[in-house]
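Student: The numbers in the UniProt record's numbering rise by one with no breaks, and the one at position 163 of the sequence shown is 163. The beta-carbon is built from N, C-alpha and C at its ideal position, and this holds for glycine as well.
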Amino acid sequence: MSRLLAEWKERKGREEEQLHEQLCAAIRAGQVQVYTDPRLLDFQGSPVHQHWDHLLPLTIEATLALIILLASGIATGIVAMTLCVLAHLYGNKYYVAWRLKMRAHAYLMAGYAQFVTLWQLGGVALVVKGVNEAPCLAPKGDWRKFIRRNLGEGESQAQAMANAPVPAGPRMTAPPAQPAAAPSPPPPEPTPAPVVMETAPLADALQPEPPATAEPEVMAPPSPKPGDRWASIADEDVPHDEVVPKS
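#1: Classify A162: buried if its beta carbon has 16 or more other beta carbons within 10 angstroms, exposed otherwise.
#2: Thinking C-beta only, is L41 closer than 9 Å to W143?
#3: Mind checking which residues open and close the beta strand (DSSP E) that includes V96?
#4: Rounding to the nearest angstrom, what Cα-Cα distance links G77 and A138 in this structure?
#5: Check whether the region 32-39 and the region 119-132 touch, using three or more Cβ-Cβ pairs below 8 Å as the test.
#6: What residue range is occupied by the uninterrupted beta strand (DSSP E) comprising T36?
#7: Could you give the DSSP three-state label for V131: helix, strand or coil?
#8: For the region 77-92 and the region 109-118, state whether three or more C-beta atom pairs, one from each stretch, are separated by less than 8 Å.
#9: Indicate the three-state DSSP secondary structure (helix, strand or coil) for A113 in the structure shown.
#10: Going by DSSP, name the residue or residues bridged to A125.
#11: Comparing alpha-carbon positions, which option in M81, P47 and G130 lies nearest Q120?
#12: Kindly indicate which residue of R14, E17, T36 and W8 has the alpha-carbon position closest to the one of P135.
#13: Assign F43 to one of two classes, buried (16 or more other C-beta atoms within 10 Å of its C-beta) or exposed (fewer than that).
#14: Of the choices T191, A71, E61 and C24, whose alpha-carbon is the least far from that of N92?
#15: Would you check if the distance between the CB atom of L100 and the CB atom of P38 is smaller than 9 Å?
#16: Among the candidates T59, L4 and I147, whose CA atom is the shortest distance from the CA of E133?
#17: So which of P186, L55 and N150 has the shortest CA-CA distance to Q22?
#18: State the Cα-Cα distance for the pair K145 and R3, rounded to the nearest angstrom.
#19: Applying the criterion that 16 or more other CB atoms from any shown protein chain within 10 Å of the CB defines a buried residue, is A25 buried or exposed?
#20: Restricting to Cα atoms, I'd like to know which of T117, I74 and P188 is closest to G45.
#21: So what does DSSP say about S184, is it helix, strand or coil?
#22: DSSP three-state call for Q120: helix, strand or coil?
#23: Apart from the five residues just before and just after H54, which ones in its own chain have a Cβ nearer than 8 Å to its Cβ?
#24: Kindly give me the distance between the Cβ atoms of M81 and L69, rounded to whole angstroms, as I take these residues to be in contact under 8 Å.
Shown next, in the form of structure tokens:
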């Protein structure tokens, strides 16, 4: 159990080192930007703190004001000293912030151990350029997931499987490969049905007699009755063959 735990820690540490290398490459390429907070990093004991960031500008300003005072007189010297004090109060913080950012940037890329130490202190933010995603803030942000999500995996899947512990047990081998079956012969082509040709009957062949057609029955014209009127097609006036007695 202890051996498996040690191998897991070793594999996890190696994977985190590869993630750190990916982060350093992305920072050099400009894909990831590093932001720092001077209020959280500028304290005694911080790996990026330097007291000369505060003393050196003040020393230069005081020396410059003293030279002006001795060269030009008291009035001009007082004005120069006032300007130097204002510059130190309102401008020195930007100089200190710039120095802290440059030193923290170099400290993060120095090695994996330095990166973890500075990340645990806080005051560092990772931002992916050109991606609409919230920055990863130290120390609560998970920089490992941040790098995997935006830069990919640090260790390839094949290497991770190769480094995975193999459980003890009987060795399992794959079954022998079976010979490929011979291809089946193509099916025979279907035989076409015979074509029956109908020929015309011979002249001396016996032909069936056609059925006899019934002759239409001729009906006799109706006999005339008294009172009927006869009309002639050629005559314009219809003749009357009936004699009607005068009343």
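Tutor: In short:
#1: As a working note, residue 162 is residue 162 in the sequence shown. Its pLDDT being 48, under 50, A162 is placed unreliably by the model, and nothing is read from it.
#2: Locating residue 143 in the sequence shown gives position 143, counting from the first residue. Locating residue 41 in the sequence shown gives position 41, counting from the first residue. Not a contact, by the Cβ cut-off of 9 Å.
#3: Your numbering for residue 96 matches position 96 in the sequence shown. Per DSSP, V96 lies in no beta strand (DSSP E); the unbroken alpha helix (DSSP H) holding it starts and ends at I74 to L108.
#4: In the sequence shown, residue 77 corresponds to position 77, counting from 1. In the sequence shown, residue 138 corresponds to position 138, counting from 1. G77 and A138 have their C-alpha atoms some 46 Å from each other.
#5: Contact holds: three or more Cβ-Cβ distances are below 8 Å.
#6: Within the sequence shown, numbered from 1, the residue matching residue 36 stands at position 36. First-last of the beta strand (DSSP E) with T36: V32 to T36.
#7: On the sequence shown, position 131 is the one that residue 131 refers to. Looking at V131 - three-state DSSP - the assignment turns out to be coil, as it is neither helix nor strand.
#8: No: fewer than three Cβ pairs fall under 8 Å.
#9: As a first step, residue 113 is located in the sequence shown; it is residue number 113 there, counting from the start. A113: helix per DSSP, three-state reduction.
#10: By 1-based counting over the sequence shown, the position of residue 125 is 125. Beta-bridge pairing links A125 to Y35 and L137.
#11: Sequence index remark: in the sequence shown, residue 120 carries index 120 (1-based). Nearest in C-alpha terms to Q120, of all of M81, P47 and G130, is P47.
#12: The count along the sequence shown starts at 1 and reaches residue 135 at position 135. Nearest option by C-alpha distance: T36.
#13: Locating residue 43 in the sequence shown gives position 43, where the first residue counts as 1. It counts as exposed.
#14: Within the sequence shown, numbered from 1, the residue matching residue 92 stands at position 92. Sorting T191, A71, E61 and C24 by C-alpha distance to the C-alpha of N92 places E61 at the top.
#15: Here residue 100 corresponds to residue number 100 of the sequence shown, with the count starting at 1. Here residue 38 corresponds to residue number 38 of the sequence shown, with the count starting at 1. Result yes, Cβ atoms of L100 and P38 sit closer than 9 Å.
#16: Here residue 133 is taken as the residue at index 133 of the sequence shown, counted from 1. Between E133 and the set T59, L4 and I147, the nearest pair of CA atoms involves I147.
#17: As a first step, residue 22 must be located in the sequence shown, where it is residue number 22. Ranking P186, L55 and N150 by Cα distance to Q22 puts N150 first.
#18: Indexing the sequence shown from 1 puts residue 145 at position 145. Indexing the sequence shown from 1 puts residue 3 at position 3. Approximately 27 Å, taken between the alpha carbons.
#19: Stepping through the sequence shown from its first residue, residue 25 is reached at position 25. Counting Cβ neighbours within 10 Å, A25 comes out exposed, since fewer than 16 surround it.
#20: Position 45 of the sequence shown, counting from 1, holds the residue named residue 45. Of the candidates T117, I74 and P188, the one whose C-alpha sits nearest the C-alpha of G45 is T117.
#21: If you number the sequence shown from 1, residue 184 lands on position 184. If DSSP states are grouped into helix, strand and coil, S184 belongs with coil.
#22: Stepping through the sequence shown from its first residue, residue 120 is reached at position 120. Reduced to three states, the DSSP call for Q120 is helix.
#23: As a first step, residue 54 is located in the sequence shown; it is residue number 54 there, counting from the start. Cβ within range, chain order: N92 and V96.
#24: If you number the sequence shown from 1, residue 81 lands on position 81. If you number the sequence shown from 1, residue 69 lands on position 69. Sure, about 7 Å apart at Cβ, within 8 Å.
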